[in-house]
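Novice:
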């Protein structure tokens with residue numbers, strides 16, 4: 001077990017940069033009954049000069065399990081239409097899924113961001129009705145992004161119902177062999193949803209011009225997040241020691257529930273540090289996720305991150321170090337009520353003890369491992385998706401936008 005540092009001296013300018021990057025990637029996923037935090041993992045490669053309209057959003061399975069979405073990839077819907085409204089509070093009728101975010105002129109146009117305007121946004125939200133926030137005219141927002149002088153550029157919350165939303169990947173019983181299953185079905189708290197926006201303008205606003213800022217060769221100004229940093233794979237890795245971690249999410253917090261929340265304190269120059277690891281080998285009910293009337297238990301270890309009590313609604317938030325290397329997802333609060341959060345890692349090595357030879361399985365939720373039966377990679381290949389990540393990692397060979405896609409040998 002590693003020994004975390006007692007103090008972390010975080011460079012404020014670099015911290016500000018990673019928080020801005022996490023804000024760009026992060027969205028609120030919601031219906032009238034449920035909400036959580038998601039982030040843009042990947043996208044279908046657009047034709048030259050176009051903006052991608054199909055994106056892949058990562059979040060927690062316990063967030064996604066409350067949504068009824070399309071199932072064209074045969075993942076299986078966690079709930080059905082008859083049980084949909086039964087999961088709503090106060091007898092509400094559940095609305096279709098919406099994606100939303102805090103938007104401002106500065107963030108959209110790669111300008112220096114005034115952190116005080118985060119607070120300004122809170123007062124803006126307080127003065128608006130929920131319906132006005134929910135349906136703020138996206139065309140008006142896009143038009144205002146080109147004008148530096150109009151007052152409409154004050155930070156605001158924008159949201160939309162996408163053209164289509166489908167479950168794309170959810171790791172259920174994803175290891176070939178297991179000595180530690182105890183007859184239980186198992187999963188990880190991770191789901192990928194495919195989102196197709198109505199048009200490029202809608203995609204550009206809700207993704208906060210993510211493609212232009214991080215991926216377009218002509219307009220890129222910052223490196224994208226690194227989802228494939230393998231130094232975090234071991235729970236005892238020295239790379240986890242003396243390292244600050246950052247997270248941004250959309251927790252439910254009264255009048256400010258449409259504002260992104262970060263665990264970084266600029267005055268204290270403090271982010272989060274890893275305290276320990278939590279191994280979920282006891283198959284307790286609080287680790288259970290119900291998907292299509294079937295119970296799955298979260299199996300394997302999770303990191304315990306100090307200074308990361310974000311609260312309900314922040315589930316699914318990305319966790320990254322100051323250099324943009326992604327550790328995993330904010331998954332749950334500490335059950336002792338402390339300022340800790342449980343982090344679901346994207347990948348781990350196998351963990352074992354004398355009494356438990358298969359305590360925690362080796363896995364990689366994105367690329368897969370030798371004993372995995374499914375991963376995000378396997379679903380991309382199976383469904384012949386021409387994505388940015390598939391091209392970058394060599395999962396498939398993409399010759400041109402008109403060429404056939406084949407699996408790399």
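Numbering (full-length UniProt numbering), first residue to last: 1 to 409.
Positions of the beta carbon are idealized from the N, C-alpha and C atoms, including for glycine.
Only a predicted model underlies this, so the values are computations on that prediction, with no experimental measurement involved.
(1) Kindly identify the DSSP beta-bridge partner or partners of residue 251.
(2) Tell me which same chain residues have a C-beta within less than 8 Å of the C-beta of residue 483, skipping the five on either side of it?
(3) Are residue 205 and residue 248 closer than 8 Å when you measure CB to CB?
(4) Measure the CB-CB distance between residue 233 and residue 349 and report whether it falls below 8 Å.
(5) So, are the CB atoms of residue 305 and residue 319 less than 8 Å apart?
(6) Quick one: give me the first and last residue of the alpha helix (DSSP H) that residue 24 is part of.
(7) Which one of 76, 382, 298 and 245 has the shortest CA to CA distance from residue 327?
(8) Report yes if the CB atom of residue 67 is closer than 8 Å to the CB atom of residue 98, and no otherwise.
(9) Based on the DSSP secondary-structure assignment, which residues constitute the bridge partners of residue 330?
(10) In terms of residue numbering, what span does the beta strand (DSSP E) encompassing residue 40 cover?
(11) Between the Cα of residue 162 and those of 301, 62, 251 and 53, spot the shortest distance and give me the residue it belongs to.
(12) Determine the contact status of residue 362 and residue 168, defining contact as a CB-CB distance below 8 Å.
(13) Taking DSSP as the reference, what is the three-state secondary structure of residue 292?
(14) Return the chain-ordered list of same chain residues with a C-beta closer than 7 Å to the C-beta of residue 160, the five sequence neighbours on each side being excluded.
(15) I'd like to confirm the pairing. Which residues does DSSP put opposite residue 62 in its beta bridges?
(16) Tell me the rounded alpha-carbon separation between residue 83 and residue 375.
(17) Please confirm whether residue 193 and residue 64 have their CB atoms less than 8 Å apart.
(18) Would you report the Cα separation of residue 315 and residue 36, rounded to the nearest angstrom?
(19) Check each candidate in 70, 183, 225 and 156 and name the one with the smallest Cα separation from residue 41.
(20) Work out the CA separation of residue 394 and residue 30 for me, nearest whole Å.
(21) Please return the same chain residues whose Cβ sits closer than 8 Å to the Cβ of residue 373, not counting the five positions on each side in sequence.
(22) So for residue 246, helix, strand or coil by DSSP?
(23) Using a Cβ-Cβ cut-off of 6 Å (strictly less than) and excluding sequence neighbours within five positions of residue 17, which residues of its own chain qualify?
(24) If you measure between the beta carbons of residue 50 and residue 200, is that distance less than 8 Å?
(25) Could you give the residue range of the alpha helix (DSSP H) that holds residue 210?
(26) Taking only the alpha-carbon atoms, compute the straight-line gap between residue 185 and residue 78 and give it to the nearest angstrom.
(27) Which one or two residues does DSSP pair with residue 395 in a beta bridge?
(28) Taking its Cβ as the centre, do 16 or more other Cβ atoms sit within 10 Å of residue 95, making it buried, or is it exposed?
(29) How many angstroms separate the CA atom of residue 73 from the CA atom of residue 397?
Specialist: In brief:
(1) For the purposes of this step, residue 251 is taken as the residue at position 251 of the chain shown. Beta-bridge pairing links residue 251 to no other residue.
(2) No answer is possible for residue 483: it lies beyond the span of the chain, which begins at 1 and ends at 409.
(3) For the purposes of this step, residue 205 is taken as residue 205 along the chain shown, with counting starting at 1. For the purposes of this step, residue 248 is taken as residue 248 along the chain shown, with counting starting at 1. Cβ atoms of residue 205 and residue 248: not closer than 8 Å.
(4) As a position in the chain shown, residue 233 is number 233, starting the count at 1. As a position in the chain shown, residue 349 is number 349, starting the count at 1. Contact: yes.
(5) Here the question's residue 305 lines up with position 305 in the chain shown. Here the question's residue 319 lines up with position 319 in the chain shown. Yes.
(6) Within the chain shown, numbered from 1, the residue matching residue 24 stands at position 24. Counting along the chain, residue 24 sits inside the alpha helix (DSSP H) bounded by residues 12 to 25.
(7) Position 327 of the chain shown, counted from the start, is the residue given in the question as residue 327. Ranking 76, 382, 298 and 245 by CA distance to the CA of residue 327 puts 245 first.
(8) What you label residue 67 is simply residue 67 of the chain shown in a count that begins at 1. What you label residue 98 is simply residue 98 of the chain shown in a count that begins at 1. Taking 8 Å as the Cβ cut-off, residue 67 and residue 98 do not qualify as a contacting pair.
(9) Within the chain shown, residue 330 is the residue found at index 330, counting from 1. According to DSSP, which records beta bridges pairwise, residue 330 is partnered with 343.
(10) The sequence position of residue 40 within the chain shown is 40, counting from 1. Its beta strand (DSSP E) spans residues 35 to 43.
(11) Residue numbering aside, residue 162 sits at position 162 when the chain shown is read from its first letter. Per the Cα distances, 53.
(12) Within the chain shown, the letter at position 362 stands for residue 362. Within the chain shown, the letter at position 168 stands for residue 168. Judged by beta-carbon spacing, residue 168 lies beyond the 8 Å limit of residue 362, meaning their Cβ atoms are not closer than that value.
(13) Sequence index remark: in the chain shown, residue 292 carries index 292 (1-based). Under the three-state reduction of DSSP, residue 292 is assigned to coil, being neither helix nor strand.
(14) Within the chain shown, the letter at position 160 stands for residue 160. So the list reads 98, 99, 138, 202 and 206, once near-sequence residues are dropped.
(15) As a first step, residue 62 is located in the chain shown; it is residue number 62 there, counting from the start. Per DSSP, none; premise fails for residue 62.
(16) Within the chain shown, the letter at position 83 stands for residue 83. Within the chain shown, the letter at position 375 stands for residue 375. Straight-line Cα distance between these residues: approximately 28 Å.
(17) Here residue 193 corresponds to residue number 193 of the chain shown, with the count starting at 1. Here residue 64 corresponds to residue number 64 of the chain shown, with the count starting at 1. Cβ atoms of residue 193 and residue 64: closer than 8 Å.
(18) Translated into the one-based positions of the chain shown, residue 315 becomes position 315. Translated into the one-based positions of the chain shown, residue 36 becomes position 36. So the two alpha carbons sit approximately 6 Å from each other.
(19) Walking along the chain shown from the start, residue 41 turns up at place 41. Considering only 70, 183, 225 and 156, the residue with the shortest C-alpha distance to residue 41 is 225.
(20) Counting from 1 along the chain shown, the entry for residue 30 is found at position 30. Counting from 1 along the chain shown, the entry for residue 394 is found at position 394. Their Cα atoms are separated by approximately 33 Å.
(21) Within the chain shown, the letter at position 373 stands for residue 373. 173, 174, 175 and 176, listed in sequence order.
(22) Translated into positions along the chain shown, residue 246 becomes position 246. In this structure, DSSP gives residue 246 an extended state, which the three-state scheme calls strand.
(23) Position 17 of the chain shown, counted from the start, is the residue given in the question as residue 17. There are no such residues.
(24) Here residue 50 is taken as the residue at index 50 of the chain shown, counted from 1. Here residue 200 is taken as the residue at index 200 of the chain shown, counted from 1. For residue 50 and residue 200, yes; Cβs fall inside 8 Å.
(25) The sequence position of residue 210 within the chain shown is 210, counting from 1. Where residue 210 is concerned, the enclosing alpha helix (DSSP H) stretches over 210 to 214.
(26) For the purposes of this step, residue 185 is identified with residue 185 of the chain shown, where counting begins at 1. For the purposes of this step, residue 78 is identified with residue 78 of the chain shown, where counting begins at 1. Taking the straight line from one Cα to the other gives about 15 Å.
(27) Within the chain shown, residue 395 is the residue found at index 395, counting from 1. In the DSSP assignment, residue 395 forms no beta bridge with any residue.
(28) The residue given as residue 95 occupies position 95 in the chain shown. By the neighbour-count rule (16 or more Cβ atoms within 10 Å), residue 95 is not buried but exposed.
(29) The count along the chain shown starts at 1 and reaches residue 73 at position 73. The count along the chain shown starts at 1 and reaches residue 397 at position 397. Approximately 21 Å between the Cα atoms of the pair.
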